[in-house]
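Student: Mapped onto my numbering, the consecutive letters of the sequence shown carry residue numbers 117 to 1206.
Ideal Cβ placement from N, Cα and C applies to all residues, glycine included.
Computed from a predicted model, the values in this text were never measured in an experiment.
Take a look at this one; I'll ask things after.
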Amino acid sequence: MAPAGDETTAALDSEASAHAAPDAEDGGLMDSSVFEHQVVRDLHWAMASPHLLRPGVGLPLFEDARGRHLVAASGEWLKALDADPQPLRSFLQACPQHHRLGHYFAGLIEFWLRRCPALQTQKVLARKEVAATEADQADRAGKLKFLVRTKEDALHVEAAIHWSLARGLQEVDIVAARYSGAFLHESLCWRVLEARNRVRLASEPVVAESLKETLGAAPQSLCLLRGHVFYSVRWLRGLQRSAAQGSAKLQLDPGIMDGWRFLSPDHRVGWWTYDVRELLTPDRSESRWVLLEHKRFWLSPAVGMEDDDGRVRLHGDAVIRLRPLEATGSAEFEARVQSCRHLRAGHPVLVAELHRSSRNPWRWHEASRGFLLPEGWVMDAPSGDSGGISEQSSVSALEDSGSITQLQRSLECLLRAGTGLDAWWKEVDRLAEAAERIERRSVAAQEARLVELWQPPPASRPLAADGEHCDVVQALEARWPEASGDETQMAELRCAVLSHLAGSLSPAAEVVRALAELGDSANQRVLGHLLLDAFQKLSQKRGGVLSDRPLQVEVQAAWDSAVEDARAERGRLCPKLVAKASRALSLRPLPAPRQAILRDLRGKLSAFGFPGDAIPSTQREAQLTGAVQLCAVRLQAGGLQLLSEAEARPLLEWLVVAGEPSAAIALAKDELCCWTGVQAELRMLFGAHGLAKRRRQAPPQVGALPASSVSEDVELPLLRLGDDVTVRWVDSGMAAVEEELFAAAAAEGSVIALDAEWRPFRRGQAATPVELLQLAVPSSCWLLDLRQLVSREAASVAGFLRRLGSGECIVVGYGLCGDFQRIFESYEALPRVPVGRAADLSDDDRGGLSGMVRAALGHELDKAQQCSDWSQRPLSREQQAYAALDAHALLRLAARCAADTPSTELAAALRARSWDAVGPLALPLGPADVDAAMAALGVPSRSVGDDGGLEDVVLCKTLALVWSLPPSAVAAADAGPTAAATRRAVAVLSIEAQLSLPLAAAALGVPSSRLRLAKHQELIPIFGFEAGALGPVGLRPPSCPVLLDSALAEEEELAVGGGRIKRELRVPRGALCQALGAQVVPISRAAPQA
117 MAPAGDETTA ALDSEASAHA APDAEDGGLM DSSVFEHQVV RDLHWAMASP HLLRPGVGLP
177 LFEDARGRHL VAASGEWLKA LDADPQPLRS FLQACPQHHR LGHYFAGLIE FWLRRCPALQ
237 TQKVLARKEV AATEADQADR AGKLKFLVRT KEDALHVEAA IHWSLARGLQ EVDIVAARYS
297 GAFLHESLCW RVLEARNRVR LASEPVVAES LKETLGAAPQ SLCLLRGHVF YSVRWLRGLQ
357 RSAAQGSAKL QLDPGIMDGW RFLSPDHRVG WWTYDVRELL TPDRSESRWV LLEHKRFWLS
417 PAVGMEDDDG RVRLHGDAVI RLRPLEATGS AEFEARVQSC RHLRAGHPVL VAELHRSSRN
477 PWRWHEASRG FLLPEGWVMD APSGDSGGIS EQSSVSALED SGSITQLQRS LECLLRAGTG
537 LDAWWKEVDR LAEAAERIER RSVAAQEARL VELWQPPPAS RPLAADGEHC DVVQALEARW
597 PEASGDETQM AELRCAVLSH LAGSLSPAAE VVRALAELGD SANQRVLGHL LLDAFQKLSQ
657 KRGGVLSDRP LQVEVQAAWD SAVEDARAER GRLCPKLVAK ASRALSLRPL PAPRQAILRD
717 LRGKLSAFGF PGDAIPSTQR EAQLTGAVQL CAVRLQAGGL QLLSEAEARP LLEWLVVAGE
777 PSAAIALAKD ELCCWTGVQA ELRMLFGAHG LAKRRRQAPP QVGALPASSV SEDVELPLLR
837 LGDDVTVRWV DSGMAAVEEE LFAAAAAEGS VIALDAEWRP FRRGQAATPV ELLQLAVPSS
897 CWLLDLRQLV SREAASVAGF LRRLGSGECI VVGYGLCGDF QRIFESYEAL PRVPVGRAAD
957 LSDDDRGGLS GMVRAALGHE LDKAQQCSDW SQRPLSREQQ AYAALDAHAL LRLAARCAAD
1017 TPSTELAAAL RARSWDAVGP LALPLGPADV DAAMAALGVP SRSVGDDGGL EDVVLCKTLA
1077 LVWSLPPSAV AAADAGPTAA ATRRAVAVLS IEAQLSLPLA AAALGVPSSR LRLAKHQELI
1137 PIFGFEAGAL GPVGLRPPSC PVLLDSALAE EEELAVGGGR IKRELRVPRG ALCQALGAQV
1197 VPISRAAPQA
């Protein structure tokens, strides 16, 4: 691959620059490596890294000099962030898909623009939807990255990153090459065309006038493009010498760039090679090497810290889920390269070389970086003569490209033909227009395909006759009186709204206009929710593209006005409705200072009496809950700090005292409040004031608990354990306890209630073991110290569990599957036994156990101790009383099903109840079942966490499908674990793809009207796994069809569910398909790219 001739090689002989030592300062600016935290280093790099492009290339650049000035003025701010990076971490966590490199970079830029004091920013709008409409041209629309209003001026900033692998030593070898950092074939040429289109869009008269009105001044457009260009390591003959001197920046000889017009002479330089041995030369034996397999390590120069054991690690950031990496010596690094999954899968991998710091011997800094390329990765320039680019036929050929990828292939050939870059630049405006048209065509074609895949059933009574204009609000108001009291009419109205939105060219705009007009309607809440529910269903069916389309300027203005109205103290629009619309339509409220947002929240509460006595009102619940939700939406949209304890506590206390549990619960959510103890405080307040969250009553079901006639608004007495119930603590003598328990159960209805407690743990942490097992019969409760009993009498506990599952008594519980599963996972010494006769009360959805007790028994269940520390010994008196009552309450609920007027004697009521529907408990399967099935099928697999992440493998989801057989076929159906009339299958597709039920039904030969996704409560009984743990292997027998999306047909490896939530297994796609007999068919509609 190396070019011939010493002249070319000498031209790229790199020397150590003035920037050489990473510990040194560059031009008075601190280097990013001085910061301790990865996110702060990346922020500094995003601010200070030089442009890839040269000034004067036809794009208005955010000049490097201006950037250096801002960085120099922000030194103290960056140091403060490094001391406490939580504001930056919280901001990045709120950014959608921040785990992806492009979104991560955009989040860093947005944080800089919003928070940097040197900018004196007053307003920032991110990803602003704009549209230009003129009589002489078609509609043009798109997103402008950032709109900024500072104290001095207004800016429109387009920011992007780019990595190019140079195919040669000419400028066209870099500008035209389609191989880039994310390997999406986005050439630097394409980036330039894309940026020009955004700048042109911002200058359209309609858009420019709108932006001037929004920002208070006409914005200046600026482009910011960061990244690296990587050259063959053979061309960088001076690499070894500069690396040995500790250089963190390789430089090209300025002479090589004398004829270049577009690339900056200061652009960041790296290397590429096919052979790792070209790097591991004797003079670099002291280097450490690291495979940067996580793309978020690609921005700032790598920094490693040496541990006491001599290992060098890049620490990453646990808060944003950036896992650490290890840098190794040459021998171990070469071995890692040989086993690197990225290279085996045919993908390049970025490598960083580290040298020990001269100032801190425990610290290692990046000396160079580059790509290792897999065999077969072609770096030769494409052949073929496409003719002069300035010829009409060539531009026409570009315009006829069927996709963006085809366009870029044609662009590269054209750039290499004739006069190359000069001709390209002469035609750059025409090419930019062609690129924009093709991009719009591609998006439109994708949306059209999604529309064709799903259409709602035709409405029996449309909102408007065919061909007539429909005023949605007027039509809804006209039909609401007849629909409000008739469920059939209401269903027809929902169908009519869904059908109307499905036929609209811009459903989001329709909904926004309607919501804005509903401000004066007495039925605004119910009609608004009806509209939003229909929109959400339509968007879900069509892959989510509806909420990504830009709104017209007047529609955006209507939305901004609606938000302003909802936040006002005496606004007409319900803030709960506006908050829901913000999420459903992916719309951001206008940014505002944090104190102004909190002032609006307090103002809305003060309208109902805050901080004094609450003022009664029929609208209070909706207004207060909505105000809290809208506050969360506005803070998140602005990336602002969440509520602290001092700010949240008075609001929370007042809401609870005012009797508004829904608003209090909304305030205590993580999306609004960063007070770590807020949930415990909320439970304490609820217990002190006798509150429970209000829930809508579920419709009565056959065999369900009879509903209570008590109003939801009535404060009910607390349920208490009777004085005649004996409570025993058990930490020894399990065999005697077993005999006592079963004897008592036989005399009192042969029913045993079971519950379990464990120490709370946060999402993402390792599950804690079961500490306490509660067992109850009508006269007694036993509290088993399970940890102590298993350590002392494991065999006795195992024997007890076998007898409990034998069917001698009926086991009653709430979430029994989960309790038994936690017991088995907590203690390996206990056998995984089946449960022969069980009644799980969680099948009756009454809003949790507390909701069931309230509805069926007319009492409140005190849950104040639910999240206490169950591992402490001794347990408090309150904990023991809570644990016993939780188990005993299950017996009372079970007895309530015996008759409308149950016997006053609990044991008699349990005997009177019909237990005909009781059957075996379908316990969930687990990782061991999946691993055993993999081994039996001969499919090699390994856990994702064993040796890497998901960066080089397609993460897949497995969806459970069920369908019903027609009545005529039921009699001939085979016996199985499911009902005779039900059949099942699983579909495997990319985590980002959307399943098309019609396509899946066609592949299975099933009428699409019968095929559906399995319900949550069907997953364990039918498939064997809970939601989030399902994969295609190890399912509950018998075997079932497996559909694999054809979009995965070319993938080498897939990551599929491994039998437990957050456990994925890497498996070879070919071996998996062959072992399962999977059908590889198109079953998805791809989700739109961010």
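When DSSP builds the beta bridges, which residues end up paired with Q890?
Tutor: The count along the sequence shown starts at 1 and reaches residue 890 at position 774. Looking at the DSSP assignment, Q890 forms a beta bridge with D871, L899.
Student: With a threshold of 16 other CB atoms inside 10 Å of the CB of K692, please say whether the residue is buried or exposed.
Tutor: To locate residue 692, count along the sequence shown from 1; it is residue 576. By the 10 Å Cβ count, K692 comes out buried.
Student: With distances taken Cα to Cα, identify the nearest neighbour of V928 among Q995, A674, R1008.
Tutor: The residue labelled residue 928 in the question sits at position 812 within the sequence shown. Considering only alpha carbons, the answer is R1008.
Student: I'd like to confirm the pairing. Which residues does DSSP put opposite K244 in its beta bridges?
Tutor: Here residue 244 corresponds to residue number 128 of the sequence shown, with the count starting at 1. Note: K244 sits in a beta bridge opposite L260.
Student: Helix, strand or coil for C933 per DSSP?
Tutor: In the sequence shown, counting from the first residue as 1, residue 933 sits at position 817. The answer is helix: DSSP assigns C933 an H, G or I state.
Student: So what's M968 in DSSP terms, helix, strand or just coil?
Tutor: Sequence index remark: in the sequence shown, residue 968 carries index 852 (1-based). The answer is helix: DSSP assigns M968 an H, G or I state.
Student: State the start and end residues of the unbroken alpha helix (DSSP H) segment that holds F378.
Tutor: Taking the sequence shown and counting its residues from 1, one reaches residue 378 at position 262. Looking at the DSSP string, F378 is not in any alpha helix (DSSP H), and its letter there is neither H nor E.
Student: Confirm, please, whether the CB-CB distance from W898 to R844 is below 7 Å.
Tutor: What you label residue 844 is simply residue 728 of the sequence shown in a count that begins at 1. What you label residue 898 is simply residue 782 of the sequence shown in a count that begins at 1. Yes, these two residues count as a Cβ contact at 7 Å.
Student: How many angstroms separate the CA atom of V1104 from the CA atom of Q652?
Tutor: The sequence position of residue 1104 within the sequence shown is 988, counting from 1. The sequence position of residue 652 within the sequence shown is 536, counting from 1. Whole-angstrom Cα-Cα distance: 24 Å.
Student: Helix, strand or coil for I1177 per DSSP?
Tutor: Counted from its first residue, the sequence shown places residue 1177 at position 1061. Coil.
Student: Could you check where the beta strand (DSSP E) with S1106 kicks off and where it finishes?
Tutor: By 1-based counting over the sequence shown, the position of residue 1106 is 990. Here the beta strand (DSSP E) through S1106 covers 1098-1106.
Student: How far does the beta strand (DSSP E) with R342 in it extend, from its first residue to its last?
Tutor: As a working mapping, residue 342 is identified with position 226 in the sequence shown. Segment 336-348, the beta strand (DSSP E) holding R342.
Student: When the Cα atoms are used, what is the spatial distance from D901 to A743?
Tutor: Within the sequence shown, numbered from 1, the residue matching residue 901 stands at position 785. Within the sequence shown, numbered from 1, the residue matching residue 743 stands at position 627. Near 45 Å, if we compare the C-alpha coordinates of A743 and D901.
Student: Which class does H278 belong to by DSSP, given the choice of helix, strand or coil?
Tutor: Start at 1 with the first residue of the sequence shown, and residue 278 comes out as number 162. H278: strand per DSSP, three-state reduction.
Student: So, with DSSP's three-state summary, where would you put A120?
Tutor: In the sequence shown, the residue the question calls residue 120 occupies position 4. Below a pLDDT of 50, predicted positions are generally treated as unreliable, and A120, at 33, falls in that range; the measurement from the model is reported next regardless. Correct three-state label for A120: coil.
Student: Taking buried to mean at least 16 other C-beta atoms within 10 Å of its own C-beta, is D289 buried or exposed?
Tutor: The residue labelled residue 289 in the question sits at position 173 within the sequence shown. By the 10 Å Cβ count, D289 comes out buried.
Student: Between the alpha carbons of H647 and P573, how many angstroms are there, rounded?
Tutor: For the purposes of this step, residue 647 is taken as residue 531 along the sequence shown, with counting starting at 1. For the purposes of this step, residue 573 is taken as residue 457 along the sequence shown, with counting starting at 1. The identity of residue 647 in the sequence shown is Leu, whereas the question assumes His. So the alpha carbons of these two residues sit roughly 17 Å apart.
Student: Whose C-alpha, out of R1201, R170, Q757, is nearest the C-alpha of A71?
Tutor: For residue 71 there is no data in the structure shown, the boundaries of the chain being 117 and 1206.
Student: Identify whether L611 lies in helix, strand or coil by the three-state DSSP scheme.
Tutor: Residue mapping note: residue 611 aligns to position 495 of the sequence shown, counting from 1. Inspection of the sequence shows that residue 611 is occupied by Cys rather than by Leu. Looking at C611 - three-state DSSP - the assignment turns out to be helix.
Student: Does DSSP put T1074 in a helix, a strand or coil?
Tutor: For the purposes of this step, residue 1074 is taken as the residue at position 958 of the sequence shown. Correct three-state label for T1074: strand.
Student: Using the Cα positions of F1139 and A242, report the straight-line distance between them to the nearest angstrom.
Tutor: Here residue 1139 corresponds to residue number 1023 of the sequence shown, with the count starting at 1. Here residue 242 corresponds to residue number 126 of the sequence shown, with the count starting at 1. Cα-Cα distance, rounded: 44 Å.
Student: Are the stretch 989-996 and the stretch 848-859 touching, with three or more C-beta to C-beta distances below 8 Å?
Tutor: no
Student: In or out: Q1133 buried (at least 16 other Cβ within 10 Å) or exposed?
Tutor: As a working mapping, residue 1133 is identified with position 1017 in the sequence shown. Label assigned to Q1133: exposed.
Student: Check D985 in the structure and name its three-state DSSP category.
Tutor: Within the sequence shown, residue 985 is the residue found at index 869, counting from 1. Looking at D985 - three-state DSSP - the assignment turns out to be coil, as it is neither helix nor strand.
Student: Give the DSSP-derived three-state secondary structure of T389 in the structure shown.
Tutor: Translated into positions along the sequence shown, residue 389 becomes position 273. Correct three-state label for T389: strand.
Student: Under 7 Å, Cβ to Cβ, is there at least one residue of chain B near R799?
Tutor: Absent from the structure is chain B; it holds one protein chain and no more.
Student: With 16 other CB atoms within 10 Å as the buried threshold, where does S922 fall?
Tutor: In the sequence shown, the residue the question calls residue 922 occupies position 806. Around the beta-carbon of S922, fewer than 16 other beta-carbon atoms lie within 10 Å, marking it exposed.
Student: Can you give me the Cβ contacts of L441 inside the same chain, cut-off strictly under 6 Å, excluding the 5 residues immediately before and after it?
Tutor: Along the sequence shown, one-based indexing puts residue 441 at 325. Excluding sequence neighbours, L441 sits near V406, L430.
Student: In whole angstroms, what is the alpha-carbon distance linking L946 and R919?
Tutor: Position 830 of the sequence shown, counted from the first residue, corresponds to residue 946. Position 803 of the sequence shown, counted from the first residue, corresponds to residue 919. Cα to Cα, the separation comes out at about 13 Å.
Student: Quick check: L1022 and P894, are their CB atoms within less than 7 Å of each other?
Tutor: Mapped onto the sequence shown, residue 1022 falls at position 906. Mapped onto the sequence shown, residue 894 falls at position 778. In terms of Cβ geometry, L1022 and P894 form a close pair [threshold 7 Å].
Student: Given that a residue counts as buried once 16 or more other Cβ atoms are within 10 Å of its Cβ, and exposed if not, what is E192?
Tutor: Looking up residue 192 in the sequence shown gives position 76. Looking at its Cβ environment, which holds fewer than 16 other Cβ atoms inside 10 Å, E192 is exposed.
Student: Run through DSSP, which three-state label would T237 get?
Tutor: Within the sequence shown, residue 237 is the residue found at index 121, counting from 1. Of the three classes helix, strand and coil, the one that applies to T237 here is strand, per DSSP.
Student: So P597 is in the alpha helix (DSSP H); what residue range does that whole segment cover?
Tutor: In the sequence shown, the residue the question calls residue 597 occupies position 481. Counting along the chain, the alpha helix (DSSP H) containing P597 begins and ends at 588-599.
Student: At which residues does the beta strand (DSSP E) containing R216 begin and terminate?
Tutor: Here residue 216 is taken as the residue at index 100 of the sequence shown, counted from 1. Taken as a continuous stretch (DSSP letters only), R216 belongs to no beta strand (DSSP E), as it is neither H nor E.
Student: Here's the rule: buried if 16 or more other CB atoms are within 10 angstroms of the residue's CB, otherwise exposed. What is P833?
Tutor: Mapped onto the sequence shown, residue 833 falls at position 717. By the 10 Å Cβ count, P833 comes out exposed.
Student: From what residue to what residue does the beta strand (DSSP E) around W405 run?
Tutor: Along the sequence shown, one-based indexing puts residue 405 at 289. Segment 404-407, the beta strand (DSSP E) holding W405.
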